[in-house]
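Below is one structure, written out as structure tokens; comments come after it.
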Amino acid sequence: MDTRSLDRPVAIAVKRNLTTDSPESHTLCPSDIKMSKHVTKTVDDEFRKVADSILHRSQSNSLKVASAPFEIPEYPIEEKEQKTYLERQLRSSFRYPHKCDHNHRRIVSSPWMHYNEPEDEANRCWKRAESVPDIDETKSTPDIDLSPMFERISIVNKCGVQGKHFSGIPLKDLEEASKSLVKALTVREKYMMLSQQGFPKIINRCLQSVIDKNDFHMISDGCAACEKKTIKASDITSNDHQCMKGIEDHPIHAPRTDGDPFDCILPNSVNCAFKMVNGVMKVYLDKASMDQDKPFDWTYPDCATFLNDQNIMYTLISDGPLKSFCYQRLSYLSYKYQLHVLLNELKESAAQKEVPHRDFYNIRKVDTHIHASSCMNQKHLLRFIKKQMKVNPDEIVSCGKDGKMMKLKEVIQLVFDSLGINTYDLNVDMLDVHADRNTFHRFDKFNAKYNPIGQSELREIFIKTDNHIGGKYFANVIKEVMSDLEESKYQNAEYRLSIYGRSKQEWEKLAKWAVVNQVHSDNVRWLIQIPRLYDVYRSNKLVSNFQQILENIFEPLFAATNDPKSYPQLHAFLQYVSGFDSVDDESKSEHVVFDADSPFPRNWTNDENPPYNYYLYYMFANMTVLNQFRRERGFNTFVLRPHCGEAGNVTHLVAGYMLSESIAHGLVLRKVPVLQYLYYLAQIGIAMSPLSNNSLFLNYHRNPLPEYFARGLNVSVSTDDPLQFHFTKEPLMEEYSIAAQVWKLSTCDMCEIARNSVLQSGFPHEVKQHWLGPNYTREGVPGNDVSRTNVPDIRVAYRYETLVEELQYICRGLQAGIPESNSNE
Numbered sequence: 000m001d002t003r004s005l006d007r008p009v010a011i012a013v014k015r016n017l018t019t020d021s022p023e024s025h026t027l028c029p030s031d032i033k034m035s036k037h038v039t040k041t042v043d044d045e046f047r048k049v050a051d052s053i054l055h056r057s058q059s060n061s062l063k064v065a066s067a068p069f070e071i072p073e074y075p076i077e078e079k080e081q082k083t084y085l086e087r088q089l090r091s092s093f094r095y096p097h098k099c100d101h102n103h104r105r106i107v108s109s110p111w112m113h114y115n116e117p118e119d120e121a122n123r124c125w126k127r128a129e130s131v132p133d134i135d136e137t138k139s140t141p142d143i144d145l146s147p148m149f150e151r152i153s154i155v156n157k158c159g160v161q162g163k164h165f166s167g168i169p170l171k172d173l174e175e176a177s178k179s180l181v182k183a184l185t186v187r188e189k190y191m192m193l194s195q196q197g198f199p200k201i202i203n204r205c206l207q208s209v210i211d212k213n214d215f216h217m218i219s220d221g222c223a224a225c226e227k228k229t230i231k232a233s234d235i236t237s238n239d240h241q242c243m244k245g246i247e248d249h250p251i252h253a254p255r256t257d258g259d260p261f262d263c264i265l266p267n268s269v270n271c272a273f274k275m276v277n278g279v280m281k282v283y284l285d286k287a288s289m290d291q292d293k294p295f296d297w298t299y300p301d302c303a304t305f306l307n308d309q310n311i312m313y314t315l316i317s318d319g320p321l322k323s324f325c326y327q328r329l330s331y332l333s334y335k336y337q338l339h340v341l342l343n344e345l346k347e348s349a350a351q352k353e354v355p356h357r358d359f360y361n362i363r364k365v366d367t368h369i370h371a372s373s374c375m376n377q378k379h380l381l382r383f384i385k386k387q388m389k390v391n392p393d394e395i396v397s398c399g400k401d402g403k404m405m406k407l408k409e410v411i412q413l414v415f416d417s418l419g420i421n422t423y424d425l426n427v428d429m430l431d432v433h434a435d436r437n438t439f440h441r442f443d444k445f446n447a448k449y450n451p452i453g454q455s456e457l458r459e460i461f462i463k464t465d466n467h468i469g470g471k472y473f474a475n476v477i478k479e480v481m482s483d484l485e486e487s488k489y490q491n492a493e494y495r496l497s498i499y500g501r502s503k504q505e506w507e508k509l510a511k512w513a514v515v516n517q518v519h520s521d522n523v524r525w526l527i528q529i530p531r532l533y534d535v536y537r538s539n540k541l542v543s544n545f546q547q548i549l550e551n552i553f554e555p556l557f558a559a560t561n562d563p564k565s566y567p568q569l570h571a572f573l574q575y576v577s578g579f580d581s582v583d584d585e586s587k588s589e590h591v592v593f594d595a596d597s598p599f600p601r602n603w604t605n606d607e608n609p610p611y612n613y614y615l616y617y618m619f620a621n622m623t624v625l626n627q628f629r630r631e632r633g634f635n636t637f638v639l640r641p642h643c644g645e646a647g648n649v650t651h652l653v654a655g656y657m658l659s660e661s662i663a664h665g666l667v668l669r670k671v672p673v674l675q676y677l678y679y680l681a682q683i684g685i686a687m688s689p690l691s692n693n694s695l696f697l698n699y700h701r702n703p704l705p706e707y708f709a710r711g712l713n714v715s716v717s718t719d720d721p722l723q724f725h726f727t728k729e730p731l732m733e734e735y736s737i738a739a740q741v742w743k744l745s746t747c748d749m750c751e752i753a754r755n756s757v758l759q760s761g762f763p764h765e766v767k768q769h770w771l772g773p774n775y776t777r778e779g780v781p782g783n784d785v786s787r788t789n790v791p792d793i794r795v796a797y798r799y800e801t802l803v804e805e806l807q808y809i810c811r812g813l814q815a816g817i818p819e820s821n822s823n824e
């Protein structure tokens with residue numbers, strides 16, 4: 000593989016003039032980002048054939064049960080015996096350090112980075128072996144005195160076998176697997192960079208080292224236990240508002256918002272014009288430029304490029320040798336973590352006990368996946384309904400079918416009369432909003448649980464933002480939940496609000512609801528969820544084609560970015576929006592596929608719902624252009640964090656890998672070792688909700704969360720729908736407590752998951768500096784402040800070193816078949 004041909008995007012700033020900072024600014028002079036267009040090649044046809052076969056199989060299997068058995072030990076004795084076996088192997092390795100079969104690997108555990116042995120014939124034989132050098136033999140190993148002291152696990156090979164790497168994998172397979180993985184990482188890097196979404200620096204360095212043909216290694220202080228409470232002058236970027244040098248400037252609590260949170264400066268209009276072309280918004284300098292069809296050259300991956308990259312990903316996940324390679328690496332990561340826990344659990348616990356005034360209860364944790372319409376528990380909703388019936392019985396809340404205005408007590412009385420009950424009879428069981436065994440694999444019944452007492456009228460009144468009373472009751476109940484979060488101090492949430500795409504007024508109505516009712520908390524940020532309901536709107540004649548939905552969703556955002564003064568409430572509300580989500584039942588069959596023959600959105604006029612990847616691509620493409628527009632204006636940008644991999648086809652996870660900064664659920668990932676390994680390497684966030692999955696798609700004991708966590712995937716715990724799945728007013732703590740009891744998670748494990756949730760969240764960078772430490776963006780141990788996160792440096796060093804070793808393994812695998820004379824050219 001010629002690494003120079005890697006299709007990494009290169010951003011070229013032609014000109015940049017953010018004149019919008021001044022009130023007199025009226026002209027936008029954006030920077031241009033160039034990206035080469037996809038050129039059709041012969042190999043594309045081969046990729047397309049493989050992709051078609053995969054899509055055909057996925058369609059034929061769509062009616063099968065979505066959740067296949069997950070391979071974990073069925074009985075505790077199996078896990079216990081595995082650990083005992085590893086302990087015996089470890090003891091025997093120490094007892095006979097020099098008497099081992101040179102054709103086998105040996106596990107070496109030592110508080111040092113390497114196990115030093117005398118120079119003997121076996122060692123000299125190993126140095127002459129024609130295999131890839133060991134990962135832990137890196138020139139950049141940090142000074143041992145600065146590293147956290149813990150038992151490291153290394154793999155040492157004593158004698159190479161001709162034609163095989165020390166892992167037992169044929170060199171040719173290793174080389175091909177490394178090429179494929181690097182290609183997949185390059186694909187994700189391209190999409191993340193163009194859309195202004197997050198991409199790990201360590202992966203960027205790795206890909207650059209491949210292009211430069213240099214050895215990849217950890218940074219010099221990546222495992223150093225250095226001072227982490229101070230920002231160095233060299234680390235200050237233009238995005239930092241001020242240079243805060245000491246712990247006194249960075250208290251654990253971020254500054255609170257004073258006054259009206261929606262009171263902000265409204266910049267002038269830049270008088271741009273915009274229109275949607277083939278499903279993607281184009282921005283023009285003015286109307287004259289639009290008439291001449293000269294849009295700003297804000298690059299996004301066009302449909303042909305996306306489909307080609309998607310076909311490449313389909314080819315990779317179906318490649319047999321690559322699946323075997325990734326499965327082996329994932330298994331290795333699982334067993335390595337088990338051994339790490341056996342050797343270092345007491346050290347990690349001791350390190351946590353040394354931290355004053357910090358434990359699991361008072362570290363920051365974020366509920367990264369929770370829907371606003373079900374953020375309260377069932378008892379809270381019942382108490383709120385009864386309170387409104389007592390306090391506001393005569394308030395006009397709805398309009399009847401005959402046009403008659405109805406009071407709250409009249410609506411409630413109609414509901415009660417139809418059920419033959421009275422106010423005193425109302426209880427939690429009668430409310431009937433909690434999921435039960437009848438909702439398992441029945442998403443339709445689960446959706447019905449959103450209707451209190453089975454009545455859609457009560458849902459319309461109490462948990463909707465757009466109703467006759469302007470969503471007043473819904474705002475009040477959310478503010479009560481926010482008050483509980485603020486009282487807990489250390490719990491935060493990212494609530495999801497719905498934009499359906501039925502009309503262009505939805506955004507302004509939602510913003511008005513938030514601003515007028517002052518629905519805000521420093522503990523809360525918003526995500527906008529977009530249901531995939533085109534077929535419903537089409538059948539009800541609300542839209543005539545799919546592009547109308549896209550216009551209804553994105554055109555108001557471009558308008559507010561262009562002229563905030565014309566949309567003051569929407570501009571203020573968007574400051575607290577982190578990104579977009581795509582929601583619906585993933586287990587529904589997809590009767591059409593997204594390929595080169597798929598029509599553009601304006602031509603999608605049939606009654607069939609577009610496939611998942613079609614929705615996600617056009618959301619991503621429009622978000623990419625919008626982010627570049629907002630960046631030029633100095634506004635906050637958005638990320639894509641969809642529901643992905645809860646059920647349905649594995650192709651959903653391919654789109655999630657390419658287009659999303661993080662995903663929610665990811666259960667199907669357990670069936671696809673290649674994608675699971677890529678999600679690990681790219682450290683893609685996965686917000687998992689075990690209690691929700693237990694009621695809908697996957698029994699709790701089969702949930703892959705503990706396996707993902709052990710392997711090092713970037714997982715967090717979330718609640719999804721407390722109204723349906725939880726009982727207490729602290730649903731996030733409920734999730735953590737059940738997970739800790741069932742899976743025997745240690746305090747260190749839970750603190751690490753909580754830290755992951757903050758990193759995945761959409762809270763501002765300045766807030767995260769207070770919660771995690773001012774240097775949290777740095778690689779390895781320097782990015783961890785144990786006094787804030789309660790995650791020991793030992794655990795952070797283990798995760799960092801393990802990821803570096805895996806990346807080194809891949810980088811050196813690229814050179815497995817290259818003669819030494821050529822590899823140094």
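Mapped onto numbering that gives the first Met the number 0, the consecutive letters of the sequence shown carry residue numbers 0 to 824. Positions of the beta carbon are idealized from the N, C-alpha and C atoms, including for glycine. This one's a predicted model, so the numbers in the text were calculated from it and none came from an experiment.
Residue(s) in a DSSP beta bridge with residue i
{"i": "C398", "result": "M404"}
{"i": "I662", "result": "I685"}
{"i": "I752", "result": "In DSSP, I752 forms no bridge with anything."}
{"i": "K274", "result": "K281"}
{"i": "H642", "result": "A663"}
{"i": "P320", "result": "Partner(s): none; P320 has no beta bridge."}
{"i": "P555", "result": "None, per the DSSP bridge assignment."}
Through-space distance from residue j to residue i, alpha-carbon basis
{"i": "E805", "j": "Y679", "result": "10 Å"}
{"i": "V432", "j": "I452", "result": "7 Å"}
{"i": "N755", "j": "R669", "result": "20 Å"}
{"i": "P563", "j": "A492", "result": "27 Å"}
{"i": "I152", "j": "S330", "result": "15 Å"}
{"i": "A654", "j": "D43", "result": "18 Å"}
{"i": "T304", "j": "R640", "result": "21 Å"}
{"i": "I662", "j": "G402", "result": "44 Å"}
{"i": "S502", "j": "V480", "result": "29 Å"}
{"i": "R811", "j": "D606", "result": "51 Å"}
{"i": "A287", "j": "F273", "result": "11 Å"}
Terminal residues of the alpha helix (DSSP H) in which residue i lies
{"i": "G578", "result": "G578 -> not in any alpha helix (DSSP H); beta strand (DSSP E) instead, spanning V576 to V582."}
{"i": "A492", "result": "Run containing A492: none in the alpha helix (DSSP H); it sits in the beta strand (DSSP E), Q490 to S497."}
{"i": "D465", "result": "Counting along the chain, D465 falls outside any alpha helix (DSSP H), and DSSP gives it neither H nor E."}
{"i": "R537", "result": "Y533 to S538"}
{"i": "M217", "result": "Taken as a continuous stretch (DSSP letters only), M217 belongs to no alpha helix (DSSP H), as it is neither H nor E."}
{"i": "E589", "result": "First-last for E589: undefined, no H or E at that position."}
{"i": "A571", "result": "P567 to L573"}
{"i": "T482", "result": "Contrary to the premise, residue 482 reads as Ser rather than Thr in this sequence. Run containing S482: K471 to S487, per the alpha helix (DSSP H) assignment."}
{"i": "R811", "result": "D792 to G812"}
{"i": "K508", "result": "E505 to V515"}
{"i": "S502", "result": "Premise fails: S502 is in no alpha helix (DSSP H) and is neither H nor E."}
{"i": "Y616", "result": "Y611 to R632"}
Delimiting residues of the beta strand (DSSP E) encompassing residue i
{"i": "Q868", "result": "Residue 868 lies beyond the residue range present for the chain, which begins at 0 and ends at 824; the question has no answer from this structure."}
{"i": "S194", "result": "Segment: none, S194 is in no beta strand (DSSP E) and carries neither H nor E."}
{"i": "P530", "result": "V523 to P530"}
{"i": "M280", "result": "V279 to Y283"}
Cβ separation of residue i and residue j, assumed to be a contact under 8 Å, to the nearest whole Å
{"i": "V279", "j": "M375", "result": "With a Cβ gap of about 38 Å, V279 and M375 do not count as contacting."}
{"i": "T636", "j": "Y299", "result": "In fact, because the Cβ distance is near 14 Å, the residues do not count as touching under 8 Å."}
{"i": "D792", "j": "V780", "result": "5 Å"}
{"i": "L321", "j": "L315", "result": "6 Å"}
Residue i CB to nearest heavy atom of the ligand GTP below 7 Å
{"i": "I527", "result": "Absence of the ligand GTP is noted for the structure shown, with no ligands found whatsoever."}
Scan the region 342 to 394 and note each continuous alpha helix (DSSP H) run of 4 residues or more that stays entirely inside, going in chain order. 377 to 390
Can you give, in chain order, each stretch of the beta strand (DSSP E) that sits fully within the region 670 to 735 and has at least 3 residues? 684 to 687 and 714 to 716
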